[in-house]
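Engineer: Before we start, here is the structure in question, set down as structure tokens.
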């Protein structure tokens, strides 16, 4: 389903046209009916000739209610632009077109209303004027349908034209990340709080737990309605009413967003592309063949966009004060585009690709609009070349390319944050991006980390040739990454041997010098000649580095405060195993006698056998362990 929105000057017949199309009066308030003027958003729906159903958001046309118009225009995919044939192009026609253009609504139909009040020549002149004013905008070339809400003339053709437009428009994708910008909140007796909006990004199901962003208030979807029909599940692209359990009326307001828990993160600032309204062109719209018209909402002269001043940002249904910091210059002229860092007074759950509008709060003027490029961007210098390169890469990028650009710009960043910033929530990672634990790193950064690790290991091997490798913690410290990221980094490195607590280059082997080999052989002879009563460590006159090397290589085993050779401990395990298989158990004294040693050595040997699984202590005796 698609949601279309009306646009156009006040009193050009938008609400009457919606009622004629749908049979539903979109004006909800008594004041609207009394004044004959739409003040806030109205809602209706209608089946088209093809059988598809569309929702319609009727927006106010008066310049004083542009903020309400913006709250409704943010979720539309097709614009029903209304111009009265008897008045032609007017000031709010120009501002509404500027807003539709800034929001990048590229599909539209022009309803030339009140055609019953003028002659065919006037209709032709009005259509010519409209075509001229649409040139260069997102609605350029949109079909124009003369019609009358009073007589019904042209209404059938208008529905057919809308049907074709809706069929050609981009449909709302289901990305698994629903977000509903709230445009109405009310209560129903016996049911509780109801919020409405246009759903985008994903589906909602009855019973689902949700959050009200940005404040992260929790609630549950009790029931769902769309066009007054109850449904269990609603896909994106629909007008939706959610009855929320666990939320008071004051717990949600226009400009909030309904999202699933942990899927969106509200941000206080973002980087975006921005384009300034061509105010001079807007002011000239309608000059010929009619006299010039200007209104409060259309900036006259050449008013550009500067950082100073009081500005309001409109995105979705939200309105929030914003401060601007332009990249590359301090000012953009009318019709000019660029990049900016926007700082919000209140956080909003924004995503890459969101469209926004900036207005001058003091002069009530639409100044500019654009697209969110990096919702998690931190401030940068005005002429920072790296930031400008990143923003140029993000412009028009798909999610995978955006993720690669963000990760490469920062070398490494937290995976969830990068995904939120890039809008990359499904599909494989691009080849330029490599996961490292909870981080994502660029291929170039991973290569530099590998080089740093290799240098650290090479230096250690050079300075400590008798050591098998560098401790894991020292190696991790050398590359300055977290433990989880280090494990992932090592797993990717075929040139590094991971030996648990030690790291070494795969080709590294301990090479003993001739004198060291002689010392090793003498030490092993001395230990083995003493049987199971070897000299204690403090009495050994041997290079500590050589001793560590023999332990790392497995030639020696440290038991308490003495050393045995590998052959000796294997023999000790064999003798004890044979004895226990025959006798079932053995005391320390029995093992002492079995090994021909004293209690001084037998006790730590028994404890070592327990630790290695050869035996298991049972009271004062030992029995066979799990790995005899």
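Numbering (our numbering), first residue to last: 4 to 631.
All residues carry an ideal CB built from backbone N, CA and C; glycine is no exception.
Predicted, not measured: the structure shown is a model, and the values here were computed from it.
Which one of 160, 119, 140 and 240 has the shortest CA to CA distance from residue 174?
Structural biologist: Minimum Cα distance to residue 174 is reached at 240.
Engineer: Have a look at residue 509 and residue 565 and give me their C-alpha separation to the nearest angstrom.
Structural biologist: Approximately 31 Å between the Cα atoms of the pair.
Engineer: On the criterion of 16 or more Cβ atoms from any shown chain inside 10 Å, does residue 399 qualify as buried, or is it exposed?
Structural biologist: Its Cβ having fewer than 16 others within 10 Å, residue 399 is exposed.
Engineer: Just the C-alpha distance for residue 165 and residue 268, rounded to the nearest angstrom, thanks.
Structural biologist: When rounded, the distance between both Cα atoms is 36 Å.
Engineer: From residue 605 to residue 442, what distance separates their C-alpha atoms?
Structural biologist: Each residue's Cα considered, the two are about 51 Å apart.
Engineer: Straight-line CA distance for residue 328 to residue 87?
Structural biologist: Approximately 40 Å between the Cα atoms of the pair.
Engineer: Keeping to the same chain, check which residues put their C-beta closer than 6 Å to that of residue 627; ignore five residues upstream and five downstream.
Structural biologist: Excluding residues within five positions, the ones whose Cβ falls inside 6 Å are 583.
Engineer: Just to confirm before moving on: does the CB-CB distance between residue 374 and residue 276 stay below 7 Å?
Structural biologist: Result yes, Cβ atoms of residue 374 and residue 276 sit closer than 7 Å.
Engineer: Below 8 Å CB to CB, which residues in the same chain sit around residue 126 once its five sequence neighbours on both sides are set aside?
Structural biologist: Here the set comprises 88, 115, 118 and 149.
Engineer: Considering just the uninterrupted stretch of the alpha helix (DSSP H) at residue 579, what are its terminal residues?
Structural biologist: Taken as a continuous stretch (DSSP letters only), the alpha helix (DSSP H) holding residue 579 covers 569-586.
Engineer: Does the beta-carbon of residue 91 have 16 or more other beta-carbons within 10 angstroms, so that it is buried, or is it exposed?
Structural biologist: It counts as buried.
Engineer: Output the boundary residues of the beta strand (DSSP E) element that contains residue 115.
Structural biologist: Its beta strand (DSSP E) spans residues 110-116.
Engineer: On the three-pair Cβ rule with 8 Å, is the segment 190-210 touching the segment 324-343?
Structural biologist: Touching, no.
Engineer: With a floor of 3 residues, list each beta strand (DSSP E) that falls wholly inside the segment 171-220, ordered by position along the chain.
Structural biologist: Segments of the beta strand (DSSP E) lying fully in the segment 171-220: 182-191, 195-203 and 212-216.
Engineer: Tell me the residue span of the beta strand (DSSP E) that contains residue 500.
Structural biologist: Segment 499-502, the beta strand (DSSP E) holding residue 500.
Engineer: Are the CB atoms of residue 99 and residue 11 nearer to each other than 7 Å?
Structural biologist: Result yes, Cβ atoms of residue 99 and residue 11 sit closer than 7 Å.
Engineer: Which residue spans inside the segment 465-508 form an unbroken beta strand (DSSP E) run of at least 3?
Structural biologist: If we require 3 residues or more, the beta strand (DSSP E) runs fully inside the segment 465-508 come out as 499-502 and 505-508.
Engineer: Quick check on residue 504: buried or exposed, where buried means 16 or more other Cβ atoms within 10 Å of its Cβ?
Structural biologist: The residue in question, residue 504, is exposed, as its Cβ has fewer than 16 Cβ neighbours within 10 Å.
Engineer: Quick one: grab the DSSP three-state call for residue 621.
Structural biologist: Looking at residue 621 - three-state DSSP - the assignment turns out to be strand.
Engineer: Just the Cα atoms here: how many angstroms apart are residue 181 and residue 619?
Structural biologist: Between residue 181 and residue 619, the C-alpha separation is close to 58 Å.
Engineer: Leaving out five residues before and five after residue 25 in sequence, what residues of the same chain have Cβ atoms less than 8 Å from its Cβ?
Structural biologist: 47, 48, 49 and 59.
Engineer: Would you check if the distance between the CB atom of residue 407 and the CB atom of residue 388 is smaller than 7 Å?
Structural biologist: Contact: no.
Engineer: Can you give me the Cβ contacts of residue 238 inside the same chain, cut-off strictly under 7 Å, excluding the 5 residues immediately before and after it?
Structural biologist: Excluding positions up to five away in sequence, the list reads 177 and 206.
Engineer: For residue 112, count the other beta carbons within 10 Å of its own beta carbon; 16 or more makes it buried, fewer makes it exposed. Which is it?
Structural biologist: Buried.
Engineer: Helix or strand or just coil, what does DSSP make of residue 320?
Structural biologist: In this structure, residue 320 counts as coil in the three-state DSSP scheme.
Engineer: Thinking C-alpha only, which one of 219, 483 and 471 is nearest residue 456?
Structural biologist: Of 219, 483 and 471, the residue nearest in Cα terms is 483.
Engineer: Considering Cα atoms alone, identify which of 546, 535 and 260 is closest to residue 521.
Structural biologist: Nearest C-alpha to residue 521: 546.
Engineer: Give me, in chain order, the residues of the same chain whose beta-carbon lies closer than 8 Å to that of residue 601; leave out the 5 immediate sequence neighbours on both sides.
Structural biologist: Here the set comprises 536 and 595.
Engineer: Please classify residue 515: does DSSP put it in a helix, a strand, or coil?
Structural biologist: Residue 515 falls in the coil class under three-state DSSP.
Engineer: Tell me the residue span of the beta strand (DSSP E) that contains residue 152.
Structural biologist: Where residue 152 is concerned, there is no enclosing beta strand (DSSP E), given that its DSSP letter is neither H nor E.
Engineer: Select from 314, 101, 320 and 191 the residue whose C-alpha is nearest the C-alpha of residue 200.
Structural biologist: Nearest of 314, 101, 320 and 191 to residue 200, Cα basis: 320.
Engineer: What do you reckon, are the CB atoms on residue 223 and residue 212 nearer than 7 Å?
Structural biologist: Yes, the Cβ-Cβ distance between residue 223 and residue 212 is below 7 Å.
Engineer: Is it true that the segment 15-22 meets the segment 140-155, where meeting means three or more beta-carbon pairs spaced less than 8 Å apart?
Structural biologist: The answer is yes - the segment 140-155 touches the segment 15-22, with three or more Cβ pairs under 8 Å.
Engineer: By the three-class DSSP mapping on this structure, what secondary structure does residue 554 have?
Structural biologist: Correct three-state label for residue 554: helix.
Engineer: Taking its Cβ as the centre, do 16 or more other Cβ atoms sit within 10 Å of residue 635, making it buried, or is it exposed?
Structural biologist: This structure leaves residue 635 out entirely; the chain is present only between 4 and 631.
Engineer: Give the DSSP bridge partners of residue 227, in chain order.
Structural biologist: Answer by DSSP bridge pairing, in chain order: 234 and 245.
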